[in-house]
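First comes the structure, then the notes that go with it.
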Amino acid sequence: MECIICKNSTGDVTINCDSCTRSTHRECSGLNARELQVMDLKGKRLLKFYCEDCQNGIKLIPKLLAKIDHMELEIKHLKNISESVGNNDPNTREDKEEIICEMIERQSRASNIIVCNVNESKMKTQVERDSEDATAIGKILNNFNIDKNNLKVFRLGRYMGSKSRPLKVILNSKEDAKFVLKNKQLISIPSIRIFGDQTKAQQDYFKAIKNKLQTLIDNGDTTKTIRYINNKPTIVSKSIQKNIFNRMAEGRLDFLIFGATGFTGLHCIPYVYKFAKDNGRNMAWGVAGRSEEKLKEALEKMGKKVDADLSETTIIVADVKDYDSLVKMAKRAKVVINCCGPYRFFGYPVVKACVEAGTHYVDVSGEPQFIETVELEYNELAREKGIYIVSACGLDSIPCDLGLVHLEDKFDGVINSAVTYINTWNEGNKSSSGPAINYGTWHSLVYGLKHAKELSSIRRKLYPTKLPSFKPKLETTTRPHRSSIVDGWVLPFPGADKSVMKRTQRYLYENQDKRPIQVDTFFVLPNFIQTFMTIIMFLVWTLLIKFNFGKQLLLDYPHIFTFGMFRKDVTPSEEMIDSSWFKITFHARGWKERLANKDDQYDTPPNKIVTAYVKGKNPGYGTTCACVVGAALMILTEKDKLPSSGGVYTPGVAFRKTSLMDLLFKNDVSFEIVSEKVL
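Just so it is clear: in the sequence shown, position 358 is 358 by the UniProt record's numbering, and no numbers are missing.
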């Protein structure tokens, strides 16, 4: 066998390529002495080796994948192109070639625009005339936030003297061309007209549509107009067009999902679509994120789920690394639903942009450091702006926080303490594999553990005075124990529920003369073995999180450290999330009698116990999305039931008087009192 490098016989001491298995001399491999030593450490191959040919092939893979992705996007347009060139059934080779040629032609024109009514230059030389045309185009496009460098500008047709010829402008990208065509209102010169650079087939198709519309008008139907749907001119009802114009006149969308291509944001789309039109509402909404193409794909995917065409939904491109884009985004909406986490990295600039734009804000954060820092830094600014900022509007922590408010309404007395027990399970196929929760939640949890010590300093600034002590004091424990209330083993719940509920109770004590309820939170495990394994898992986390390399291990290999609950590159399947459930049990103790003053102390032990639960389907991506979209809806439709001034609030403070819980009861969430006992 010969060496693939030097072509001489290899002998015994060789290295085989891990891809093609061909052999090479160790000295021909290009590896240094240390790499060779590590490669054969203890007789095991600890490094992979690829020959030069295979390395070159591997380098081509990303480019090939990119080309495949691009081709898939192109294929999506074939149907529309087929219709516009008049071939509804392109079976012949000539038909297919015509469609392919049309597709290529459209792609070549995608970054072009046609500008009309620009005065012809009177200069003598072509160079001078071209320069003057380029200057004119620069002024026309001055208000557009696009790359104006290296634009190509030239006149179309033969110079006639009396009439200005159109200008073809080749922009730097098709995205720039789309932006200009969608925002023609930014043109400051009234006489200027801008159009897309259409092919002959597109022009003929549009002419046919205009003729069809004219026929309808001649026959007495004046209710129709032409509107672009999926980039294709289509005859639609004027009422649809009128609604669009009305929304544009209002200046702002009602809802805007930021991070709509993420797992949670994606699953918010059906709820926004539903809530925006329920009960005769006709609310405008949109999606925002970094990639216009991915946002379109998200709308297409969720459109199939709700059996609706969402292609005309407003899309806004914004990036957390571009603050100006966030401000522009926030100015387009009345409420921003922020689904872009982890929030300790990506949440603050969005909150800041919403405050600057005077836009309400809700999110699904379960990160106490972020939630409480936002209150510390933005409460006064939000109050001055008259806007509402409400975090923790998902499973963390609306079911617990508003569930306790709902229980208090049913208690008929005064609650001294409430302990919650959260339990989750899956009723689907036991053999189904895959993660139960999206990786983003794990990412947030790891950094929350890493920076948990920050909370004490934040809380000292946020709450410089302690609440008075109320008796009897709720006894808390961090020890695992078996609970007869939920018939299972329980451990302290590490999420945001406890801190959110305590902030709600503090606010109600300080602002509404109400005795604060003492709270504690646990999560339920079915048996001792799982409890023991969970404790071991927590101990491993707390050990690794102290070191940067340990933190990185947790982030890179979540499936190892969570027994498969999280996976880095795999999202939960629809089957998994649709068959998942949660149940939060409330065990409340208090008195049936009421005292006159919030600071008065009872001289008798609690004499009333109520146990209740909140139960729901799909906690992570059903209930969570219903909660956060419902929270946004309450801000828009029941503002009179919110606190009288803007500010940063918990869900329990912001929505306690609204119909949010009733809305959730209509969307796979239930509340039931299990037992009520008077001692």
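Here a beta-carbon is modelled for each residue, glycine too, at the ideal position from N, C-alpha and C.
Three-state secondary structure (DSSP) at residue i?
i	result
Leu167	strand
residue 680	Missing from the structure shown is residue 680; the chain here goes from 1 to 679 and no further.
Gly590	strand
Gln505	helix
Leu449	helix
Phe563	coil
Gly347	coil
Gln202	helix
Ala333	strand
Val570	coil
Cys28	coil
Arg155	strand
Gly220	coil
Lys139	helix
Arg193	strand
Ile398	helix
Ile635	helix
Cys54	helix
Leu376	helix
Ile146	coil
Asn548	helix
Arg656	coil
Asp324	helix
Using a Cβ-Cβ cutoff of less than 7 Å, which residues in the same chain neighbour residue i once the five nearest sequence positions on both sides are dropped?
i	result
Leu462	Glu372, Glu375, Leu376
Arg252	Arg332, Ala333, Lys334
Glu427	Ser579, Trp581
Asp396	Gly366, Gly495, Ala496, Asp497
Arg109	Asp197, Thr199
Met528	Reading the sequence as shown, one finds Phe at residue 528 and not Met. Excluding positions up to five away in sequence, the list reads Trp489.
Could you give the C-beta distance for residue i and residue j, rounded to a whole number, given that I count them as a contact under 8 Å?
i	j	result
Val336	Leu266	No, Val336 and Leu266 are not in contact; Cβ-Cβ is about 16 Å, not under 8 Å.
Pro494	Phe522	At roughly 10 Å, the Cβ-Cβ gap does not stay under 8 Å, so Pro494 and Phe522 are not in contact.
residue 684	Leu455	Missing from the structure shown is residue 684; the chain here goes from 1 to 679 and no further.
Ile194	Leu181	7 Å
Ile209	Ile235	7 Å
Gly413	Gly590	5 Å
Leu299	Val317	That belief does not hold up - the Cβ atoms of Leu299 and Val317 are roughly 14 Å apart, past 8 Å.
Ser111	Lys174	5 Å
Leu554	Leu544	6 Å
Ser670	Lys615	5 Å
Cys54	Cys20	6 Å
Quick one: what's got a C-beta closer than 6 Å to residue i's C-beta in the same chain, skipping five residues either side?
i	result
Val524	Tyr421, Asn423, Val486, Gly488, Val490
Thr14	Ser23
Phe275	Val629, Leu633
Asp363	Asn338, Ser391
Ile517	Ile415, Ala418, Gln505
Met283	Asp254, Ala276
Looking only at DSSP bridge pairs, what is residue i linked to?
i	result
Asn338	Phe258, Asp363
Glu2	Ser9
Gly647	Tyr388
Ser108	Note: Ser108 sits in no beta bridge, so no partner.
Arg482	Trp489
Ala288	Phe258, Ile316
Glu676	Val610
Ala418	Val519, Ala588
Val236	Thr225
Trp425	Trp581
Asn16	Ser23
Phe671	Val614
Cys116	Arg193
residue 680	The structure shown has nothing for residue 680, since the chain only spans 1 to 679.
residue 681	This structure cannot speak to residue 681, because the chain is shown only from 1 to 679.
Considering only residues of the same chain and omitting the five flanking positions on each side of residue i, which have a CB-CB separation below 8 Å?
i	result
Lys385	Val355, Gly358, Gly646
Arg594	Gly413, Val414
Ala308	Tyr273
Pro526	Gly488, Trp489
Thr313	Trp285, Gly286, Val287, Leu299
Any 3 or more C-beta pairs closer than 8 Å across the segment 111-122 and the segment 154-169:
yes
Is there contact between the segment 320-329 and the segment 345-365, where contact requires at least three CB pairs shorter than 8 Å?
yes
Check whether the segment 495-503 and the segment 622-638 are in contact - that is, three or more C-beta pairs closer than 8 Å.
no
At a cut of 8 Å, does the segment 651-665 reach the segment 499-519 through at least three beta carbon pairs?
yes
Hey, is the segment 558-578 in contact with the segment 613-629, meaning 3+ C-beta pairs nearer than 8 Å?
yes
If contact is defined by three or more beta carbon pairs under 8 Å, each pair taking one atom from either stretch, is the segment 551-569 in contact with the segment 590-610?
no
Does the segment 258-272 come within contact of the segment 293-311, defined as at least 3 CB pairs closer than 8 Å?
yes
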